[in-house]
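Chains as they are written, first to last, in the UniProt record's numbering: chain W, 1 to 360; chain C, 1 to 261.
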């Protein structure tokens with residue numbers, strides 16, 4: 001059964017359309033991420049599910065019940081906000097118990113559940129403190145505890161990690177995923193951070209300008225982008241203009257200016273039908289630089305010149321010129337990195353490439 | 001050297017401003033018949049006489065009732081107006097905001113005369129209710145300014161969080177917004193009370209015949225003679241209008257400290 005269903009949702013603010021006709025099914029117990037740059041409509045979508053915004057058109061159901069006309073306080077949702085939104089005048093325990101007051105939970109039972117929630121977020125000792133006395137990471141854990149203690153039908157997370165500093169963010173990412181797994185709650189997560197999305201989600205919905213660009217498992221979205229936007233937004237990609245010559249067997253041949261003809265596996269070019277203009281996507285970490293004299297070992301190889309080296313410790317990001325193209329390659333450093341001005345052999349395996357049709 | 005001069009000058013300015021007040025307080029304890037120097041002895045005599053003066057007591061009661069009512073009405077309206085202006089997209093928000101603040105900017109005499117002429121035009125007689133109305137009009141801006149400033153600082157997502165947890169909008173207001181707003185509401189109320197309690201200009205124009213507030217009573221008494229009772233009354237007024245806000249501030253600090261700063 002779906003926990004949340006969006007059917008033909010449209011949201012307009014005056015003349016501006018923030019979300020274009022969007023449909024989505026979020027299965028029970030799954031972790032779904034709405035990913036996109038700011039202004040793509042992801043937060044608007046979340047707020048419509050929450051009941052903080054009314055959709056202009058379409059239908060929203062939670063657990064099979066149409067909720068368009070159900071106000072937020074009757075939807076039984078847990079929301080975690082970017083800035084925690086803890087009640088500053090209540091203690092941590094009172095914060096967590098707040099939602100239980102409106103659910104006719106007996107006092108003893110409420111106390112027990114608050115303690116369990118604090119334990120779940122690994123902060124059992126802070127119940128008597130006020131939010132201001134806690135660090136940002138601790139406050140976010142309390143916000144999470146407050147949201148899940150009411151056993152909501154859906155947990156909505158609105159960029160919950162972006163106010164934390166980098167190290168803490170990665171810890172919280174793991175923590176959040178652990179808790180979600182343990183209680184098995186359906187979660188909708190909104191973020192603009194692709195690494196959070198890739199690490200945490202069962203399913204990623206990539207959005208841009210109010211439209212869904214692609215929805216799928218993290219590997220699917222990462223490895224087989226269906227649009228140029230997705231290819232550019234996730235990771236670092238080289239996107240080459242080319243011409244498709246149509247499928248033959250399990251492969252689609254793409255002619256490109258820099259690399260000649262590359263035969264991309266059919267499953268890496270699911271949207272490409274027939275021949276015509278196409279785009280070839282090569283992930284920066286799939287583009288290998290090698291010394292020209294070494295054996296290409298079945299890879300497609302062209303000559304290039306290293307223009308810029310961005311040294312990153314165990315890896316380096318190179319900007320390489322191949323003919324008229326400037327390409328990016330992120331390679332592990334073996335021994336020592338290439339230098340600017342080096343002539344290198346730029347190599348790629350056809351099965352590491354993806355292809356998409358020219359944008360309409 | 002330069003700074004010492006500035007320092008001395010500042011001290012002189014403050015003395016110039018506060019010495020008369022100190023003199024009034026001092027003279028209110030003077031045993032002499034005349035409300036002026038020299039001091040002939042220390043006595044509570046004038047306070048006792050004050051407490052026995054029917055007219056002053058009546059004026060005092062009027063001022064207290066008027067001040068309290070003004071504070072309550074002004075604060076209730078001010079909080080509602082601030083909520084509407086900050087939280088909702090009211091059409092003509094800026095115009096309304098300016099209109100509500102305007103009574104501070106318009107000289108009080110002008111406001112007083114305008115309201116009086118308006119009431120005359122409508123052939124409404126002066127009454128205590130209208131006096132209250134006048135006081136509410138010019139204390140409202142202070143309440144709104146204080147409450148609005150605080151309300152802007154209360155994040156909307158705190159209220160949204162409360163609602164997502166099951167609190168209705170009304171429950172959210174009383175559970176979350178109002179407690180967070182409390183210091184401002186309290187301050188606004190004190191402002192309204194002290195301003196109303198102190199006011200003379202508007203009150204002189206608006207008060208119905210026979211009703212006196214403490215300031216108008218003092219004014220009336222001064223017209224006849226300078227009685228030492230006035231000094232005593234002045235002292236009481238100072239204690240009320242200075243002491244009350246200070247007390248309020250102390251309580252607000254206490255409350256804030258109790259919940260972890």
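Just so you know, even glycine gets a beta-carbon here, dropped at the ideal spot from N, CA and C. Model, not experiment: these values are computed from the prediction.
Opening and closing residue of the beta strand (DSSP E) in which residue 177 (chain C) lies:
By 1-based counting over the second chain, the position of residue 177 (chain C) is 177. From DSSP, residue 177 (chain C) is part of no beta strand (DSSP E); its letter is neither H nor E.
Against chain C, does residue 222 (chain W) count as a neighbour if the rule is that its beta carbon must be under 9 Å from one of theirs?
Counted from its first residue, the first chain places residue 222 (chain W) at position 222. Output row for residue 222 (chain W): interface = no.
Counting only Cβ pairs nearer than 7 Å, list the residues of chain W close to residue 158 (chain C).
In the second chain, residue 158 (chain C) corresponds to position 158, counting from 1. By Cβ distance, chain W contributes 85 and 87.
When you compare only the Cα positions, how much space is there between residue 10 (chain C) and residue 175 (chain W)?
Here the question's residue 10 (chain C) lines up with position 10 in the second chain. Here the question's residue 175 (chain W) lines up with position 175 in the first chain. Going from the Cα of residue 10 (chain C) to the Cα of residue 175 (chain W) covers about 60 Å.
I need the DSSP call for residue 9 (chain W), collapsed to helix, strand or coil.
For the purposes of this step, residue 9 (chain W) is taken as the residue at position 9 of the first chain. The three-state reading of DSSP puts residue 9 (chain W) in strand, counting E and B together.
Any non-hydrogen atom of the ligand HEM closer than 8 Å to residue 180 (chain W) Cβ:
Absence of the ligand HEM from the depicted structure is noted, as is the absence of any ligand whatsoever, leaving it without description.
Let me check one thing: in DSSP terms, what residues is residue 22 (chain W) bridge-paired to?
The residue labelled residue 22 (chain W) in the question sits at position 22 within the first chain. W:9, per the DSSP bridge assignment.
Where do the N-terminal and C-terminal ends of the alpha helix (DSSP H) with residue 14 (chain C) fall, by residue?
Position 14 of the second chain, counted from the first residue, corresponds to residue 14 (chain C). Looking at the DSSP string, the run of the alpha helix (DSSP H) that includes residue 14 (chain C) is 2-27.
Counting beta carbon pairs with one atom in the segment 108-118 of chain W and one in the segment 144-158 of chain W, are three or more of them shorter than 8 Å?
yes
Are the C-beta of residue 369 (chain W) and some C-beta of chain C separated by less than 9 Å?
Residue 369 (chain W) lies beyond the stretch modelled for chain W, which goes from 1 to 360, so this question has no answer here.
State yes or no: is the C-beta of residue 7 (chain W) within less than 9 Å of the C-beta of residue 58 (chain W)?
Reading the first chain from its first residue, position 7 is the one you call residue 7 (chain W). Reading the first chain from its first residue, position 58 is the one you call residue 58 (chain W). Result yes, Cβ atoms of residue 7 (chain W) and residue 58 (chain W) sit closer than 9 Å.
CA nearest to the CA of residue 5 (chain W), picked from W:190, W:63, W:89 and W:11:
Along the first chain, one-based indexing puts residue 5 (chain W) at 5. Nearest of W:190, W:63, W:89 and W:11 to residue 5 (chain W), Cα basis: W:63.
Span separating the alpha-carbon of residue 161 (chain C) from that of residue 338 (chain W)
The residue you call residue 161 (chain C) lines up with position 161 of the second chain. The residue you call residue 338 (chain W) lines up with position 338 of the first chain. Between residue 161 (chain C) and residue 338 (chain W), the C-alpha separation is close to 53 Å.
I'd like to know if the segment 186-194 of chain C and the segment 125-144 of chain C are in contact, where contact means that at least 3 CB-CB pairs between them fall below 8 Å.
Yes: at least three Cβ pairs fall under 8 Å.
Whole-angstrom C-beta distance between residue 234 (chain C) and residue 28 (chain C), which should lie under 8 Å
Position 28 of the second chain, counting from 1, holds the residue named residue 28 (chain C). Position 234 of the second chain, counting from 1, holds the residue named residue 234 (chain C). With 8 Å as the limit, residue 28 (chain C) and residue 234 (chain C) qualify as a contact, their Cβ atoms being about 7 Å apart.
One or two residues paired with residue 60 (chain W) in a DSSP bridge
Walking along the first chain from the start, residue 60 (chain W) turns up at place 60. For residue 60 (chain W), which the question treats as bridged, DSSP gives the partners W:6.
Looking at the structure shown, is residue 222 (chain W) part of a helix, part of a strand, or coil, going by DSSP?
Along the first chain, one-based indexing puts residue 222 (chain W) at 222. In the structure shown, the three-state DSSP call for residue 222 (chain W) is helix.
Taking the alpha-carbon positions, what's the residue 23 (chain C) to residue 91 (chain W) distance?
Against the second chain, residue 23 (chain C) aligns to sequence position 23. Against the first chain, residue 91 (chain W) aligns to sequence position 91. Approximately 49 Å, taken between the alpha carbons.
Rank C:50, C:26 and C:48 by C-alpha distance to the C-alpha of residue 40 (chain C) and give the top, closest one.
Residue 40 (chain C) sits at position 40 when you count from the first residue of the second chain. The residue with the shortest Cα to Cα distance from residue 40 (chain C) is C:26.
In whole angstroms, what separates the C-alpha of residue 315 (chain W) from that of residue 169 (chain C)?
For this step, residue 315 (chain W) is matched to residue 315 along the first chain. For this step, residue 169 (chain C) is matched to residue 169 along the second chain. When rounded, the distance between both Cα atoms is 54 Å.
Which chain C residues sit within Cβ distance under 7 Å of residue 231 (chain W)?
Counting from one through the first chain, the residue named residue 231 (chain W) turns up at place 231. Under the 7 Å cutoff, chain C gives no residues; its nearest Cβ is about 34 Å from residue 231 (chain W).
With DSSP as the reference, label residue 269 (chain C) as helix, strand or coil.
The requested residue 269 (chain C) is not part of the displayed model; chain C covers only 1 to 261.
With DSSP run on the structure shown, which of helix, strand or coil describes residue 74 (chain W)?
Locating residue 74 (chain W) in the first chain gives position 74, where the first residue counts as 1. The answer is helix: DSSP assigns residue 74 (chain W) an H, G or I state.
Assuming residue 138 (chain C) is part of the alpha helix (DSSP H), what are its boundary residues?
Residue numbering aside, residue 138 (chain C) sits at position 138 when the second chain is read from its first letter. Note, residue 138 (chain C): alpha helix (DSSP H), 128-153.
Which residues of the segment 134-156 of chain C have a Cβ closer than 7 Å to any Cβ of chain W? Give them in chain order.
Flagged, chain order: 155.
Flag residue 192 (chain W) as yes if its beta-carbon sits less than 9 Å from any beta-carbon of chain C, otherwise no.
Looking up residue 192 (chain W) in the first chain gives position 192. Nearest CB-CB separation between residue 192 (chain W) and chain C: not below the 9 Å threshold.
I want to verify the contact list: residues of chain C whose CB lies under 7 Å from the CB of residue 20 (chain W), in sequence order.
Here residue 20 (chain W) corresponds to residue number 20 of the first chain, with the count starting at 1. Neighbours of residue 20 (chain W) on chain C: none; closest Cβ ~24 Å, over 7 Å.
Touching or not, the segment 126-137 of chain C and the segment 203-211 of chain C, by the rule of three or more beta carbon pairs under 8 Å?
yes
Which value, in whole angstroms, describes the spacing of the CA atoms of residue 17 (chain W) and residue 295 (chain W)?
Working through the first chain from its first residue, we reach residue 17 (chain W) at position 17. Working through the first chain from its first residue, we reach residue 295 (chain W) at position 295. Residue 17 (chain W) and residue 295 (chain W): Cα-Cα distance of roughly 54 Å.
Bridge partners for residue 304 (chain W) per DSSP, in chain order?
What you label residue 304 (chain W) is simply residue 304 of the first chain in a count that begins at 1. Paired residues: W:344.
Taking Cβ to Cβ, would you say residue 127 (chain W) is nearer than 9 Å to residue 106 (chain W)?
Position 127 of the first chain, counting from 1, holds the residue named residue 127 (chain W). Position 106 of the first chain, counting from 1, holds the residue named residue 106 (chain W). Cβ atoms of residue 127 (chain W) and residue 106 (chain W): not closer than 9 Å.
Buried or exposed: where does residue 14 (chain C) fall if 16 or more other Cβ atoms within 10 Å of its Cβ makes it buried?
In the second chain, residue 14 (chain C) corresponds to position 14, counting from 1. It counts as exposed.
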